[in-house]
Amino acid sequence: AQKVTQAQTEISVVEKEDVTLDCVYETRDTTYYLFWYKQPPSGELVFLIRRNSFDEQNEISGRYSWNFQKSTSSFNFTITASQVVDSAVYFCALSAFSMKTSYDKVIFGPGTSLSVIP
Amino acid sequence: DAGITQSPRHKVTETGTPVTLRCHQTENHRYMYWYRQDPGHGLRLIHYSYGVKDTDKGEVSDGYSVSRSKTEDFLLTLESATSSQTSVYFCATRTSGGARETQYFGPGTRLLVL
Chain A
608 AQKVTQAQTE
618 ISVVEKEDVT
628 LDCVYETRDT
638 TYYLFWYKQP
648 PSGELVFLIR
658 RNSFDEQNEI
668 SGRYSWNFQK
678 STSSFNFTIT
688 ASQVVDSAVY
698 FCALSAFSMK
708 TSYDKVIFGP
718 GTSLSVIP
Chain B
-11 DAGITQSPRH
-1 KVTETGTPVT
9 LRCHQTENHR
19 YMYWYRQDPG
29 HGLRLIHYSY
39 GVKDTDKGEV
49 SDGYSVSRSK
59 TEDFLLTLES
69 ATSSQTSVYF
79 CATRTSGGAR
89 ETQYFGPGTR
99 LLVL
């Protein structure tokens, strides 16, 4: 079975603090892809990053960084020096090959709501 | 940004009435999807399409039908709306069905069924 768990339902931090959002996934596939999406209060879903299962290099993009560890099936997301504009719901997603359908299924975690307090 | 628009963006309707939501994309993506988003459930797949006139069910397809007569348009119909279908509906597209491909989402449609 494939599953994505985001154990943190809600997180509140004070502006300028660092915050890490956890994502743990389950899959039996050896080839898979992981994604993070951001959903700000305005409601749209914004793609942030995609990583494949063969590339465990951590990635940094400005204040954002991602830590992918296959050994613990985790793909955590860190925001450094958080800002009020980072307040949003963040979704982790897993995409893996499906034998049952004609496409590769994308499974979303339940999301983590981040509030950055000024 | 995959040039995805959804219409209407907001709709209030009454139980028992049919409702059609439209998704339009300008990127010529082959795959299109309809999801619903509800508190505590995240995003759940309703139906998807892998080409013109080629559609299949997702995990929560009961009470919904879809049609795709053109590459750019994917319609979601609630045959007889119920209060349990009050939700935010998102359309998404993907260049192909492969796991490596990113899904891009439309702005969403808020549907309230009274």
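Line by line, the protein sequences give chains A and B.
608 is the number of the first residue of the first sequence in the working numbering; add one for each residue after it.
-11 is the number of the first residue of the second sequence in the working numbering; add one for each residue after it.
Each residue gets a CB set at the ideal place from its N, CA and C atoms; glycine is no exception.
Nothing here was measured: the structure is a model prediction, and the numbers come from that model.
- Comparing alpha carbon positions, the residue from A:Pro648, A:Gln609 and A:Asp629 closest to Ser672 (chain A) is A:Asp629.
- Going by C-alpha positions, Glu67 (chain B) is about 19 Å away from Gln(-6) (chain B).
- Straight across, the Cα-Cα distance linking Ser57 (chain B) with Gly30 (chain B) is about 29 Å.
- Interface criterion not met: the Cβ of Arg(-3) (chain B) is under 7 Å from no Cβ in chain A.
- Annotated three-state conformation of Ser672 (chain A) is strand, per DSSP.
- Distance between Gln690 (chain A) and Val620 (chain A), taken at the CA atoms: about 9 Å.
- Rounded to the nearest angstrom, the Cβ distance from Gln91 (chain B) to Tyr36 (chain B) is 10 Å, too far for a contact under 8 Å.
- Under the DSSP assignment, Thr65 (chain B) falls in the beta strand (DSSP E) whose first and last residues are Asp61 to Leu66.
- The beta-carbon distance between Leu701 (chain A) and Ile686 (chain A), rounded to whole angstroms, is 21 Å. This is too long to meet the 8 Å contact definition.
- Within chain B, the residues placing a beta-carbon under 7 Å from that of Leu652 (chain A) are Phe78 and Phe93, ordered along the chain.
- Judged by DSSP in its simplified three-state form, Thr634 (chain A) adopts coil rather than helix or strand.
- One finds Gln91 in chain B with Cβ atoms closer than 7 Å to the Cβ of Val713 (chain A), taken in chain order.
- Residue state for Thr90 (chain B) is assigned as coil, using DSSP reduced to three classes.
- Contact annotation: Leu9 (chain B) and Thr97 (chain B) have beta-carbon atoms nearer than 7 Å.
- For Gln(-6) (chain B), the uninterrupted beta strand (DSSP E) run begins and ends at Ile(-8) to Ser(-5), by DSSP.
- Out of A:Asn665, A:Arg657 and A:Trp643, the CA that lies nearest to the CA of Pro717 (chain A) is found in A:Trp643.
- In this structure, the CA atom of Gln664 (chain A) is about 9 Å from the CA atom of Gln676 (chain A).
- CA-to-CA, the gap between Pro647 (chain A) and Glu624 (chain A) works out to about 19 Å.
- In the assembly as shown, His(-2) (chain B) is an exposed residue. Its beta-carbon has fewer than 16 other beta-carbons within 10 Å.
- Distances from the alpha-carbon of Asp50 (chain B) to those of B:Ile34, B:Lys41 and B:Phe62 put B:Ile34 closest.
- Within the stretch 651 to 704 of chain A, the runs of beta strand (DSSP E) that reach at least 3 residues and sit entirely inside it are, in chain order, 653 to 659, 666 to 668, 671 to 676, 681 to 686 and 695 to 703.
- The C-beta separation of Gln609 (chain A) from Thr634 (chain A) comes to about 5 Å, placing the pair in contact by the 8 Å criterion.
- Within the stretch 638 to 665 of chain A, the residues whose Cβ lies closer than 9 Å to any Cβ of chain B are, in chain order, Thr638, Tyr639, Tyr640, Phe642, Tyr644, Gln646, Ser649, Gly650, Glu651, Leu652, Val653, Phe654, Arg657 and Asn659.
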